[in-house]
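Protein chains: 2
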Amino acid sequence: MNIKDVAEKSGLPAKTIRYYEEIGLIRPLRQANGYRVFRDSDLHKLAFLGRARSLGFSIEDCRALMALYEDKSRASADVKGVALAQLDRIEAKIAELQAMKRTLSDLVTACAGDGRPECPILVGLAEGACC
Amino acid sequence: MNIKDVAEKSGLPAKTIRYYEEIGLIRPLRQANGYRVFRDSDLHKLAFLGRARSLGFSIEDCRALMALYEDKSRASADVKGVALAQLDRIEAKIAELQAMKRTLSDLVTACAGDGRPECPILVGLAEGACC
DNA sequence: ATAAGGTTTCCAGTCACGGGAAGGTCAAGG
DNA sequence: CCTTGACCTTCCCGTGACTGGAAACCTTAT
Chain A
1 MNIKDVAEKS GLPAKTIRYY EEIGLIRPLR QANGYRVFRD SDLHKLAFLG RARSLGFSIE
61 DCRALMALYE DKSRASADVK GVALAQLDRI EAKIAELQAM KRTLSDLVTA CAGDGRPECP
121 ILVGLAEGAC C
Chain B
1 MNIKDVAEKS GLPAKTIRYY EEIGLIRPLR QANGYRVFRD SDLHKLAFLG RARSLGFSIE
61 DCRALMALYE DKSRASADVK GVALAQLDRI EAKIAELQAM KRTLSDLVTA CAGDGRPECP
121 ILVGLAEGAC C
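In order, the protein sequences belong to chains A and B. Residue numbering for the first sequence follows UniProt numbering, beginning at 1 and increasing consecutively. Residue numbering for the second sequence follows UniProt numbering, beginning at 1 and increasing consecutively.
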């Protein structure tokens, strides 16, 4: 398989696949002409990476998860640890965004949104509505 | 006021304040020795920027909000438009994170997290638990 | 022979800063 | 007067995870 095929099948852009090779997440073979050639195992790894990334795992998390994936004597506790840390980050981010949302929607609600210059949003930002 | 005072009062790092000057968000004066000197109006702008940033507005949003803040003949509808767009982005991000959270917490729940190698998290990532 | 559509590498840019170096300035103390 | 230490300045590089684009090579079809 050439890069375009594997890009279509994995759902990742070719650029991203090249980048993943550059940082050592995958190691496709090379043809005599220099073209990358991807085995099924490379495609599986890329699909794995795409899913892990879509769950918000960092590249370094992905590297650790890939290593665990390939280590048949791993302990599932190690995987769970990585996943729980990511879950904590997600929950913290959600909480942060919900706080932003509350403040911002209060401001938005208070603003008439018409042609007049008076604006509670600007007043809030100027005087400390959020912190 | 020198940069350190205004950093303390605004809660922004001095580096950030210099950066904001570099990109034209503020224009502090200069002393003869080259030191920046901040007026109260600069401090107010920095506080405004800090709050806008803490609500997730991009730098370009902040630039637009500052312009509206200084334009006494603005229409509050323009401010509200910027804020609503940001609110949409926040809500979209929350929804995305909640989807991640659901998938990931399902995987985490299914994983024993002990010394054995069997791991539903890795299986899920390998076989398409998320998309 | 040429055109189209692959592929390669390399370089630069993104966003909003943060780290750190090299050097200038200022006030206090000896 | 000299030094110390705390400021301040500019400059450049690095971050994360790519994305865009240029220049050049390869393959296949016409």
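From the three backbone atoms N, C-alpha and C, an ideal C-beta is built for every residue, glycine too.
Interface annotation, Ser105/A: in contact with chain B, CB-CB separation under 9 Å. Partner residues in a beta bridge of Val79/B, as assigned by DSSP, do not exist. Sorting Ile94/A, Ala99/A, Glu118/A and Thr16/A by C-alpha distance to the C-alpha of Ile59/A places Thr16/A at the top. Assignment of beta-bridge partners to Val37/A by DSSP yields Leu29/A. One thing to note: Cys119/B has its Cβ within 9 Å of the Cβ of Lys80/A. The Cβ-Cβ distance between Ala126/B and Ala64/A does not fall below 9 Å. DSSP places Ala112/B outside any alpha helix (DSSP H), giving it a letter other than H or E.
For Leu65/A, the uninterrupted alpha helix (DSSP H) run begins and ends at Ile59 to Glu70, by DSSP. Contact of Phe48/B with chain A by beta-carbon distance below 7 Å involves Leu125 and Ala126. Residue contact with chain B for Tyr20/A: absent (no Cβ-Cβ distance below 9 Å to any residue of chain B). Of all residues in the segment 73-97 of chain A, only Ser73, Arg74, Ala75, Ser76, Ala77, Val79, Lys80, Ala83, Leu84, Gln86, Leu87, Ile90, Glu91, Lys93, Ile94 and Leu97 come within less than 7 Å of chain B when Cβ atoms are compared, listed by chain position.
Counting C-beta pairs with one atom in each stretch, the segment 108-123 of chain B and the segment 70-80 of chain B have fewer than three that are closer than 8 Å, which means they do not touch. For the pair Leu84/A and Ile90/A, the Cα-to-Cα distance works out to about 10 Å.
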